[in-house]
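Enquirer:
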Amino acid sequence: MASIEELKQLSILEVAEKLGMSLNREGSGSYSWKEHDSFVINTRGNYYNWFSRGEGGDVIKMVQVVREELTGEKLSFKAAKHFLEEGSFEKMADVSEQPKEPFQYYLEPYEHQDFEIGRQYLKEERGLSDETIDTFLASGKLTAATRKKGDYFEPVIVFKSIDQEGKMVGGSLQGIVENRVLYPDRGRLKRLLRNSDGFVGFSLDIGKPKRLVFAEAPIDLMSYYEYHKDELQDVRLVAMDGLKRGVISRHLALLESERSGRPLYGTPEQLTHSLDIAKEQGFFDEGKNDSLITLAVDNDQAGRRFIEKLQEDGIPVLVDIPPRREGQEKMDWNDYLKQEKKPTPQEVNRLRDHLLTKAEVSEALSMEGDLIKASTTDREVLYTNTVTLDQGYSLKLAVHSPEEVENLADITAPWALEVIKDNQSLGYLAYGESWGNEFDIEDELTNLENWIAINQVEDKLYSQEEVTDFLNSLSAEKETIGELTSFGTLIIDDRTWESDYSNDISSEQHKKIGHKLGGVT
């Protein structure tokens, strides 16, 4: 048995992978949790920090914190230590030092009479159809409620976990209204209800289930249904609220009980081992039941590793993960649905109504009085102006002046228009040589409206590299012109060009002159 100090020296990156955490590499030795980007792992010091919560610690503390975040249950030091030694929570006889409190659904008195605010969020933000929403509403497991925390009231969607006896034993919440103050990582609330049974999950039966499909999150499950509804029959769809082998085990036991007509034996905790028992008893031998379980998890490192681990353990699974585009590190079923979905004319018009009009945006970005001097270097003075749109989008104009002047419209000042979403740069909508003379972005704004509607903004924009190359080319051209004008009177093709006149020559003419100068001595 390893000592506590030895356990603390275990690779924090490997521990995070075992916990099912999806990570983004931020720099040398630094990784952030995709679910909460202020949760940062430092591999050099082998510790983590959760900056938005002002906490951090070693690998043992991380196991406790992440486990509670994923399941809503506090984990004892002893249980975290066991996980690091054995790599499993499910084999523990004692998973907490204190008896677990029973689940209580405290939001029932605050449920809404209708689902309109939840419907609006699922349609506009998540790309789900009325038909899909109505299907899940009919199951009785989807509702909206008002949650109170301190003096803050917020509407939430409730995804209910209902056991085989029809009893609500847990659930998860999805916030509807964005609040970056309370939820700096995601922008909206996303959590399990306290003391939920973490191995039941949000589910939907289609027909008489003969097989099982598992997704990670409730909205991913709804998105999977939306994308596959025409081909789904006699199947149970289950959201695991993460990557949980125990959820698969529990539902395998339940399905076999229903199919065979035999009672379901065992405690809820014992049922989380059904996969291992089934394998030991030959349930999957010789190709039997090899199409019973489908994994529709996220296409990322954690999701693929979860699939591989089950396969390595001899559990046959069908894999149905959403395809990624080149350069994408993660794709879940909701992102894939939004990426592939074509907007209706009504949706395009609705999005246009929510955005500022093209005239308003153009006017706001064309006012020199609204430009703010952002920085000054030996080569240029940078002026910027940002216009906020809707849905988290904004446009940032940057005008590059060769010097500080009273009127930018009187000089040639290159410009670039950057698209920002949730404080992250997506790319550039347009750029040009002279902001004062050529700033006309009406067509580009029309394009942006359409790209937002079909969720393809990033795919259409100019890259930082393209804009940088453009600005560098203008700087190089100016330097060439400066060298030419310093010659004074030149003899080219038996004609005299005065230096004063050369200052008025276009850049294209200067290029031609520079080419001819190669033969001048």
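Note that the numbering used here has the sequence shown beginning at 270, numbered continuously upward. Built from N, CA and C at the ideal position, the CB exists for glycine as well.
Going straight from the alpha carbon of Tyr697 to that of Leu686, what length do you get?
Expert: Roughly 6 angstroms between the two C-alpha positions.
Enquirer: Where does Pro378 fall in DSSP's three states?
Expert: Looking at Pro378 - three-state DSSP - the assignment turns out to be helix.
Enquirer: So, do the region 329-342 and the region 455-463 have three or more beta carbon pairs nearer to each other than 8 angstroms?
Expert: Short answer: they touch.
Enquirer: Mind pulling the alpha helix (DSSP H) runs of 4 or more residues that sit fully within the region 454-523?
Expert: Complete alpha helix (DSSP H) runs here, min 4: 487-497.
Enquirer: Between the C-alpha atoms of Glu286 and Gly296, what's the straight-line distance to the nearest angstrom?
Expert: Their Cα atoms are separated by approximately 18 angstroms.
Enquirer: Let me confirm a value: Pro592 is counted as buried when at least 16 other C-beta atoms fall within 10 Å, else exposed. Which label applies?
Expert: By the 10 Å Cβ count, Pro592 comes out exposed.
Enquirer: Rounded to the nearest angstrom, how far is the Cβ of Leu288 from that of Tyr300, given a contact under 8 angstroms?
Expert: About 13 angstroms; that fails the 8 angstroms criterion.
Enquirer: Give every residue of the same chain whose Cβ lies closer than 7 angstroms to the Cβ of Gly511, excluding the five residues on either side of it in the sequence, and list them in chain order.
Expert: These residues qualify, in order along the chain: Gly289, Leu339 and Glu485.
Enquirer: So the candidates are Glu577, Asp567 and Leu714; which of them puts its Cα closest to the Cα of Gln597?
Expert: Comparing Cα positions, the closest option is Asp567.
Enquirer: Which residue comes first and which comes last in the alpha helix (DSSP H) that contains Leu442?
Expert: Here Leu442 belongs to no alpha helix (DSSP H); instead the beta strand (DSSP E) covers Met437 to Gly444.
Enquirer: Among Gly326, Gly298, Arg395 and Gln278, whose alpha-carbon lies nearest the alpha-carbon of Asp604?
Expert: Nearest option by C-alpha distance: Arg395.
Enquirer: Using beta-carbon positions only, say whether Thr415 and Leu481 come within less than 8 angstroms of one another.
Expert: No; because the gap between Cβ atoms is not below 8 angstroms, this pair is not in contact.
Enquirer: Mind checking who Ala699 pairs with in its DSSP beta bridge?
Expert: Per DSSP, Leu686.
Enquirer: Output needed for Ser408: all residues of its chain with C-beta closer than 7 angstroms, excluding positions within five of it in sequence on either side, in chain order.
Expert: Result list for Ser408: Leu473, in chain order.
Enquirer: State the start and end residues of the unbroken alpha helix (DSSP H) segment that holds Leu606.
Expert: Run containing Leu606: Trp602 to Glu609, per the alpha helix (DSSP H) assignment.
Enquirer: Among the residues of its own chain, which have a CB less than 6 angstroms from the CB of Gln550, if the five just before and after it don't count?
Expert: No residues qualify anywhere along the chain.
Enquirer: Rounding to the nearest angstrom, what Cα-Cα distance links Glu595 and Ser744 in this structure?
Expert: Cα-Cα distance, rounded: 33 angstroms.
Enquirer: Does DSSP classify Asp403 as helix, strand or coil?
Expert: Residue state, collapsed to three classes: helix.
Enquirer: Using only the alpha-carbon positions, how far apart do Val516 and Asp709 sit?
Expert: When rounded, the distance between both Cα atoms is 56 angstroms.
Enquirer: Across which residues does DSSP place Thr415 in a beta bridge pair?
Expert: DSSP, once it has assigned bridges, lists Pro424 as partnering Thr415.
Enquirer: In terms of residues, what are the limits of the beta strand (DSSP E) holding Ala667?
Expert: From DSSP, the beta strand (DSSP E) with Ala667 extends over Tyr662 to Ser670.
Enquirer: Assuming Leu506 and Tyr494 are in contact, meaning their beta carbons sit under 8 angstroms apart, how far apart are those beta carbons, in whole angstroms?
Expert: That belief holds up - the Cβ atoms of Leu506 and Tyr494 are roughly 6 angstroms apart, short of 8 angstroms.
Enquirer: Below 8 angstroms on the Cβ atoms is my contact criterion, and I expect Ser663 with Ala682 to pass it. Report the Cβ-Cβ distance as a whole number of Å.
Expert: Contact doesn't hold; Cβ gap of about 22 angstroms is too wide.
Enquirer: Determine the burial state of Asp728: buried for a count of at least 16 other Cβ atoms within 10 Å of its Cβ, exposed for fewer.
Expert: The residue in question, Asp728, is exposed, as its Cβ has fewer than 16 Cβ neighbours within 10 Å.
Enquirer: Taking the CB atoms as reference points, tell me whether Phe552 and Asp559 lie closer together than 8 angstroms.
Expert: For Phe552 and Asp559, no; Cβs fall outside 8 angstroms.
Enquirer: Does the beta-carbon of Gly535 have 16 or more other beta-carbons within 10 angstroms, so that it is buried, or is it exposed?
Expert: Looking at its Cβ environment, which holds fewer than 16 other Cβ atoms inside 10 Å, Gly535 is exposed.
Enquirer: Going by the CB atoms, is the gap between Asp503 and Gly467 shorter than 8 angstroms?
Expert: For Gly467 and Asp503, no; Cβs fall outside 8 angstroms.
Enquirer: Would a C-beta distance cut-off of 8 angstroms place Ile402 and Val425 closer than the cut-off?
Expert: Going by C-beta atoms, Ile402 is not nearer than 8 angstroms to Val425.
Enquirer: Looking at C-alpha atoms only, which residue of Gly298, Ile273, Asp306 and Thr715 is the closest neighbour of Arg449?
Expert: Taking only the C-alpha atoms, the option nearest Arg449 is Asp306.
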